[in-house]
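S.K.: Mind having a look at this structure? Questions to follow.
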Amino acid sequence: MTIQIFCDFDGTITETDNIVAIMKEFGPPQTEDIKNKVLSQDLSIRDGVSQMFQLLSTELKHDIIHFLQQKARIRAGFKEFIAFTQRYDLEFYVISGGMDFFVHPLLETSVSQEQIYCNATDFSGSHIRIDWVHACDKACENDCGLCKPSLLRRLGKKNALKIIIGDSITDLQAAKQADLVFARDFLLTKCNELEIPCIPFETFYDIQDYLLQRLGVQHETILERVE
Ligand SMILES: [Mg+2]
Ligand SMILES: [Zn+2]
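So for the sequence shown, the numbering used here puts the first residue at 2; every next one is plus one.
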């Protein structure tokens, strides 16, 4: 059976949210007002994020990348998990509401570009402009920005077992469409509340262990293959 894994980036692969970190470090005071409007749902995520990035000069590009490369921490077990997906031919995709200019560099040593679906950015003007290249399809009316349920519909194969790994509200609609959900933080709370079956995780070792049992593969076999 084909297994397809769709994995969130911010707060899932990285331990914390990179957009929040960028705005804290580089954003002018107005970003705070915009953030509050998103939280109070007076602005969609898409509009709020667009407006926040439009406050940042395109000249900051390399400073932002450098800042995140220093600061962002990749969750324990991620590299090993990628090796595991390759060894067992599990399809692995990153679906991220983050931006290409920081998601790609942070994943460059572990995941190939074709596996990453995120927002594009335009640095040709004076300020950073987001291109929402994976917007909602006709079946979604949430104005998601990057639409995870739409991507799942597009990339998902008919008879595949679809797995979602995530941490926040933006993963919820995709989680509803998945066969198996690994959740932490807010997504975990929300899934429990809505009685969506899910498996809690803290590290990618937890997920690998669970899948090993599900795939019926013994640890010893894996160790032999690695050595
Ligand atoms: Mg997240
Ligand atoms: Zn959508």
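Virtual Cβ for every residue (Gly too), placed ideally from N, Cα, C.
It should be emphasised that the depicted structure is a prediction, and the values quoted were computed from it without experimental measurement.
1. So the alpha helix (DSSP H) Leu107 belongs to, where does it begin and stop?
2. Relative to ligand 2, what is the chain-ordered list of residues with a Cβ closer than 5 angstroms to any of its non-hydrogen atoms?
3. Just to check, is the beta-carbon of Ser1 closer than 6 angstroms to a non-hydrogen atom of ligand 1?
4. Is there at least one non-hydrogen atom of ligand 1 closer than 6 angstroms to the beta-carbon of Thr13?
5. Quick check: is any heavy atom of ligand 1 less than 6 angstroms from the C-beta of Asp186?
6. Which term fits Ser51, buried or exposed, when burial requires 16 or more other beta carbons within 10 angstroms of its beta carbon?
7. Can you find the residues in the same chain that come closer than 6 angstroms, C-beta to C-beta, to Thr171, ignoring five residues on each side of it along the sequence?
8. Between which two residues does the beta strand (DSSP E) carrying Thr122 extend?
9. Identify whether Pro150 lies in helix, strand or coil by the three-state DSSP scheme.
10. If the criterion is Cβ atoms closer than 7 angstroms, does the pair Phe202 and Phe82 meet it?
M.R.: Reading off the structure:
1. Element bounds for Leu107: 101–108.
2. This selection yields Cys137, Cys141, Asn143, Cys145, Cys148.
3. Missing from the structure shown is residue 1; the chain here goes from 2 to 228 and no further.
4. Yes; taking the cut-off as 6 angstroms, the Cβ of Thr13 has a heavy atom of ligand 1 nearer than that.
5. Closer than 6 angstroms to some heavy atom of ligand 1: that does not describe the Cβ of Asp186.
6. By the neighbour-count criterion, in which 16 or more other beta carbons inside 10 Å mark a residue as buried, Ser51 falls on the buried side.
7. A distance below 6 angstroms between beta-carbons, with the five flanking residues on each side excluded, links Thr171 to the following residues of its chain, in chain order: Gly98.
8. For Thr122, the enclosing beta strand (DSSP E) starts and ends at 117–123.
9. Helix at Pro150.
10. Between Phe202 and Phe82, the C-beta spacing is not below 7 angstroms.
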